[in-house]
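What follows is a set of notes on a single structure, which appears directly below.
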Amino acid sequence: MEPYRTIPGGPAAGIKAGTSSGKIPNLQVLRALAAFAVVAAHAMHETASLADVAGRVPLDGSTWNLGFGVDIFFVLSGFIMTHTAAAEFGRSGAPLRFFLRRCARVIPLYWLLTSVLLLGAAIAPSLLNVPIGGISHVLASYFFIPSGRGVDEIRPVLALGWTLNYEMLFYVFFALALILPIRLGIFWLSALMIGLALIGNLVDPQQVQLAFWMSPIILEFLFGVYVALIFRSGRRIGGGAALALMAVGLLGFVHFSSAWDDAALPQFLRSGLPAALFVLGAAIGPALPSNRLVLWGVALGDASYSLYLSHPFILRPLRAIWAKFVGDQLPLGLFVACGAIAAAIFALALFRFIEKPLTSYVQGFTRRFERQEPVRQASASGADAGNA
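Written out as structure tokens, the structure is:
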């Protein structure tokens, strides 16, 4: 979920970036939209308890698939890993470099907020919908291992981290693919992920981790990989064609009472395929103008990881404050709007003052390790030559 940048000299180098830092504004805005969709879904969920307190009918969000934001994030993740690491395929040490960089990007904020949640659970356990599990569940949460929490729920301590359990699995697979040249690496990555999803569908494993990791939802990352390959090939389309692709992709935001609905189609087709079309239209369509609205969207896209992980820390206390001081005086829809705005403001501050410096600090360690690694390899080669 980090910023999407062009690679100097690559097919995207000539694309109008729209910002001085080389980010792709279309995809940055798309990240902001995906994060907002998740926030809106959870804010609407919070209105259920508010409706009970106020004696009102809760908001009905059944028409909208706001969880579609997660599908967009998965496709975007596949896109950015392929786009930024394309030159790394087949290079010595690339798998380790890639994995260390991803850990430095993902782990610091996630571990920090997980620790904050554990502290909060000890102080005010009533704010939690589901109690924290035992020590094994806590450790599994920190190390991105799927683990049961509550009844029939495979979620970490910070519940939203279930998506990161899939992210880290994809990073491991992608790191392995980097051992090979890009075409062969993408082929084996595709075969591995498709094979894993197919076996999971045929065997229906009962072991928790296998059942989680073999879900066909992992194919959404693969969709992003191929969208990136299309983007890097230099193919571009006009505004009308891009809008048409994105319009079809927007169907993923809607629930249908047809063969497109949950009962008949798995998520990677029902939501993942529309998400891929949505990302494709944004990626190969014309660049957005550099107006104020787009720049705000890019800024929120930068902070989308903070927004995704931190918004429950805003919505839950806001719900308690709303129930006590507002009650039934204002529409529940206004709570959703206020919650989304408050979560966005908090995320921008969290990104600026916590996530960005914390990530940079950890990345400094990985860069030092990367600089030392060639020296170790050279020393080992010299020792081998001497022994020979």
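Counting from 1 along the sequence shown, just add 3 to a position and that's the residue number in the working numbering. The beta-carbon is built from N, C-alpha and C at its ideal position, and this holds for glycine as well.
TODO: Drop a sphere of 10 angstroms on the beta-carbon of Asp331, count the other beta-carbons inside from all chains shown, and report buried for 16 or more, exposed for fewer.
DONE: By the neighbour-count rule (16 or more Cβ atoms within 10 Å), Asp331 is not buried but exposed.
Open item on the list: Here's the rule I'm using: 16 or more other beta-carbon atoms within 10 Å means buried, otherwise exposed. How should Leu122 be labelled?
Closed with: It is exposed - the Cβ of Leu122 has fewer than 16 other Cβ atoms within 10 Å.
- [ ] Could you check how far apart the C-beta atoms of Ala285 and Asn29 are, in whole angstroms? I think they sit under 8 Å.
- [x] Rounded, the Cβ-Cβ distance is 4 Å, consistent with contact.
Task: Rounded separation between Ser52 and Ile138 - CA only - done: For Ser52 and Ile138, the distance between alpha carbons rounds to 30 Å.
- [ ] Enumerate in chain order the residues of its own chain whose CB-to-CB distance from Tyr113 is below 8 Å, with the five nearest sequence positions on each side excluded.
- [x] The beta carbon of Tyr113 is closer than 8 Å to those of Leu161, Gly164, Leu167 and Leu312 in its chain, skipping five residues each way along the sequence.
Task: Alpha carbon of Ala88 to alpha carbon of Thr50, nearest angstrom - done: Between Ala88 and Thr50, the C-alpha separation is close to 42 Å.
TODO: Could you tell me whether any non-hydrogen atom of the ligand NAD is closer than 7 Å to the CB of Glu373?
DONE: Because no ligand of any kind appears in the structure shown, any question about the ligand NAD cannot be addressed here.
Task: Endpoints, alpha helix (DSSP H) assigned at Arg108 - done: Ala97 to Ile126
- [ ] Check each candidate in Arg158, Pro184 and Gly300 and name the one with the smallest Cα separation from Val211.
- [x] Arg158
TODO: Go through its chain and collect everything with a Cβ distance to Ala262's Cβ below 6 Å, but skip five positions before and after it.
DONE: Low per-residue confidence applies at Ala262: pLDDT is 48, beneath 50, and the placement is therefore not dependable, though the value from the model is reported in the following sentence. Non-local C-beta neighbours of Ala262 in its own chain, meaning closer than 6 Å and more than five positions away in sequence, are absent.
TODO: Would you kindly work out how many angstroms separate the C-alpha atoms of Leu225 and Phe338, rounded to a whole number?
DONE: 37 Å
- [ ] Enumerate in chain order the residues of its own chain whose CB-to-CB distance from Leu318 is below 7 Å, with the five nearest sequence positions on each side excluded.
- [x] His45, Ala46, Glu49, Gly342 and Ala346, listed in sequence order.
Task: CB of Pro203 within 8 Å of CB of Asp74, strictly - done: Note that residue 203 is Gly in the sequence shown here, rather than Pro. Taking 8 Å as the Cβ cut-off, Gly203 and Asp74 do not qualify as a contacting pair.
TODO: Would you mind sorting Ser24 into buried or exposed? The rule is 16 or more other CB atoms within 10 Å of its CB.
DONE: Low local confidence applies: a pLDDT of 45 at Ser24 is under 50, so the model's placement there is unreliable, with the coordinate-based value given in what follows. Exposed is the call here.
Task: Selection from Leu116, Leu280, Ile221 and Ile185 that minimises the alpha carbon distance to Pro269 - done: Ile221
Task: Complete runs of the alpha helix (DSSP H) confined to the region 169–222 [at least 4 residues] - done: Restricting attention to alpha helix (DSSP H) runs no shorter than 4 residues, the region 169–222 encloses them at 185–206 and 211–216, ordered along the chain.
- [ ] Write down the C-beta distance between Met217 and Pro208 rounded to the nearest angstrom, noting that I regard them as a contact closer than 8 Å.
- [x] The C-beta distance from Met217 to Pro208 rounds to 6 Å, short enough to meet the 8 Å contact threshold.
Task: Counted within 10 angstroms of its Cβ, other Cβ atoms place Glu156 as buried (16 or more) or exposed - done: Burial check for Glu156: the Cβ neighbour count within 10 Å stays below 16, so the residue is exposed.
Open item on the list: Among the candidates Gly288, Val257, Leu115 and Trp191, whose CA atom is the shortest distance from the CA of Phe316?
Closed with: Leu115
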